[in-house]
Ligand code: M6R
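Numbering (my numbering), first residue to last: 27 to 666.
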């Protein structure tokens with residue numbers, strides 16, 4: 027591999043990147059069309075509520091040309107109740123917002139929209155305006171007043187002032203964005219311009235939905251998928267104006283820019299609960315389809331071909347000497363799981379890094395390193411920054427992503443989409459198994475172009491992967507056993523998880539699910555590490571989940587893990603074993619055994635994780651907690 031193909035041979039240690047922006051997560055929706063703004067906005071907010079649920083608000087221009095707003099602290103239900111108590115008249119133009127508070131507490135006053143131009147203009151915002159203080163001083167000196175503690179209201183008042191000066195929302199926008207430092211998606215409406223919504227985007231997502239006689243804006247396509255499957259992603263530093271019949275996109279200077287339309291791959295029902303008690307329960311049940319759909323069209327006659335990688339060129343992939351996977355949370359555990367497969371099948375060394383650690387420690391990127399990011403949302407700021415860093419350093423970056431039109435794929439050289447459908451519950455489940463699936467496909471694609479596996483070996487692994495959806499379906503049948511276990515354990519204060527080899531990241535994922543959903547202290551450990559410290563935590567009654575490797579496929583590891591079980595049981599631990607059907611060796615030592623179907627060792631994680639997800643969900647439910655919207659969290663972590 028030459029430096030020419032990859033850029034520089036060795037990349038600098040202290041690259042100067044553009045300053046990091048901090049972007050709060052929030053959900054944004056905008057609509058122009060016939061008289062159904064309220065329905066579209068509330069439906070869009072319901073689908074975007076996963077992005078933040080500290081407050082919600084809407085602004086609608088009614089048929090009399092009046093701007094009506096409503097906003098409430100708390101979840102969207104609070105706003106719905108407010109609208110029932112004090113209805114507002116519907117109209118053809120509106121914007122809506124659901125907030126994850128960072129700047130000013132989660133109060134009614136700080137809820138969006140914020141007003142400008144004497145209450146004639148409404149604005150919503152996702153991001154942080156870093157220079158809001160001097161701008162506020164400037165406006166205060168001119169006699170403007172403020173009702174909230176937010177940076178957003180400064181933008182609203184500034185926009186109102188610029189509208190007064192220019193008489194045009196688009197022009198006012200161009201003037202305002204040139205004054206703002208930081209990161210933002212802004213949407214605004216003015217009652218003097220019914221049928222017009224203007225938006226701007228910098229370092230924060232915004233997507234257009236194209237309708238017939240109506241158009242939409244949203245933080246992601248979930249905002250409008252009920253009405254249209256045609257979408258356009260808006261690029262960095264662009265302004266969009268939508269009317270019922272037209273969409274115009276310009277740069278911040280007003281120059282028209284080219285846009286590209288794409289079809290949304292899933293329909294509206296995919297982002298509804300569909301009769302399930304929670305989105306999480308539904309998404310757990312959708313895991314067989316998530317895997318099957320991610321495989322679809324990528325295995326032909328036993329050979330894996332990922333068309334999205336063809337532009338990169340086989341020569342480039344054949345020349346890779348090292349892969350660095352960057353991701354956060356559950357996505358990082360998917361990366362940790364895939365490391366074993368990529369190294370075994372493709373023979374390329376893999377490092378898995380938390381994006382935020384990678385980005386801030388001057389990583390060494392050699393010319394033949396490929397950076398692979400993993401992100402369900404495609405918006406995680408830590409991962410986005412890691413990708414930008416890698417590319418500014420001259421490296422190639424590919425992403426594994428579940429969200430079309432998201433920022434991380436746009437910032438990557440290639441993207442392998444997972445086809446899990448929309449994941450709404452904050453706790454990631456179906457995206458996780460889809461990420462592992464996509465990464466295994468990538469590993470097999472790589473193994474093929476590098477000649478690391480024979481066609482027969484490739485076909486055998488591909489067949490194992492194709493069998494997984496059915497096996498997950500079987501693993502899901504253990505749900506009742508797991509539910510009972512969770513109910514018995516609803517008073518548990520701490521749970522430990524042990525795993526070895528590919529079972530280790532699954533232990534970490536099991537612990538993360540329990541922390542975020544049930545607010546229980548949970549830790550995952552490599553089983554081999556037990557005697558190096560963690561065994562001191564074992565006391566009588568301590569519950570320990572153990573992911574047991576297959577006695578057939580991992581004959582060398584299975585007895586070691588069974589020994590670990592005996593060691594901790596001797597000290598009073600209560601053992602819950604996740605073990606392959608027919609594994610008789612664990613039976614005498616486990617208090618509970620949850621069975622998973624037989625699979626080759628590298629594929630076991632896709633099955634072993636299922637009961638752990640269900641356990642966390644059921645335990646949280648038994649404690650009366652909201653499994654879809656756990657406290658303090660939001661789905662897309664666009665804050666560094
Ligand atoms: O959207 P991403 O996949 O980039 O999100 C990464 C993490 O924030 C995410 O997996 C998080 O850990 C989940 N809440 C875990 O269930």
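For glycine and all other residues, C-beta sits at the position ideal for the given N, C-alpha and C. Bear in mind that the values here come from a model prediction, so they are computed numbers and not experimental data.
In the three-state scheme derived from DSSP, where H, G and I count as helix and E and B as strand, residue 207 is classed as coil. By a beta-carbon distance limit of 8 Å, residue 470 contacts residue 330. Their separation comes to about 4 Å.
One alpha carbon belongs to residue 473, the other to residue 460, and they sit about 20 Å apart. Judged by DSSP in its simplified three-state form, residue 190 adopts helix. Under the rule that a run must span 4 or more residues, the alpha helix (DSSP H) segments found entirely inside the stretch 508-580 read 529-544.
Distances taken from the Cβ of residue 86 to the heavy atoms of the ligand M6R include none shorter than 7 Å.
Relative to the ligand M6R, the beta carbon of residue 363 is positioned no closer than 7 Å to any heavy atom. Counting the other Cβ atoms within 10 Å of the Cβ of residue 178 gives 16 or more, which makes it buried. Taking the Cβ of residue 133 as the reference point, every heavy atom of the ligand M6R lies at 7 Å or farther away. Ranking 361, 344, 485 and 504 by CA distance to the CA of residue 528 puts 361 first. For residue 112, the three-state secondary structure derived from DSSP is coil.
For secondary structure counted as the beta strand (DSSP E) over 3 or more consecutive residues, the stretch 343-402 holds these complete runs in sequence order: 348-353, 376-380 and 395-401.
Rounded to whole angstroms, residue 558 and residue 551 show a C-alpha spacing of 11 Å.
Your pair residue 289 and residue 255 checks out as a contact, with CB atoms roughly 6 Å apart and the cut at 8 Å.
Per DSSP, residue 645 lies in no beta strand (DSSP E); the unbroken alpha helix (DSSP H) holding it starts and ends at 631-648. Taken through DSSP and simplified to helix, strand or coil, residue 492 comes out as helix. DSSP places residue 133 outside any beta strand (DSSP E), giving it a letter other than H or E. DSSP places residue 122 inside the beta strand (DSSP E), whose first and last residues are 117-125.
Closest option to residue 95, judged by alpha-carbon separation, among 83, 514 and 207: 83. Taking C-beta separations shorter than 8 Å and ignoring five residues to either side along the sequence, the partners of residue 556 in its chain run 524, 590, 593 and 594, following chain order.
Residue side-chain check: residue 453 places its Cβ nearer than 7 Å to a non-hydrogen atom of the ligand M6R. With a cutoff of 7 Å, residue 106 does not count as near the ligand M6R, since its C-beta is closer than that to no heavy atom of the ligand. Bridge partners of residue 96 according to DSSP: 84.
Distance from the Cα of residue 498 is smallest, within the candidate group 581, 218, 476 and 456, for 456. Taking 7 Å as the cut-off, the C-beta of residue 355 counts as close to a heavy atom of the ligand M6R.
Distance from the CA atom of residue 421 to the CA atom of residue 453, rounded to whole angstroms, is 31 Å. For residue 277, the uninterrupted beta strand (DSSP E) run begins and ends at 273-277, by DSSP. Residue 517 and residue 630 have their alpha carbons spaced roughly 30 Å apart. As the crow flies, the alpha-carbon of residue 235 is around 10 Å from that of residue 268.
In this structure, 55 is the residue among 412, 63 and 55 with its C-alpha nearest to the C-alpha of residue 75. DSSP places residue 595 inside the alpha helix (DSSP H), whose first and last residues are 584-596. Cβ atoms of residue 86 and residue 59 stay farther apart than 8 Å, at about 12 Å.
Under DSSP, residue 422 forms a beta bridge with 396. Non-local C-beta neighbours of residue 79 in its own chain, meaning closer than 6 Å and more than five positions away in sequence, comprise 101 and 655, ordered along the chain. DSSP places residue 235 within a strand segment (E or B) once states are collapsed to three.
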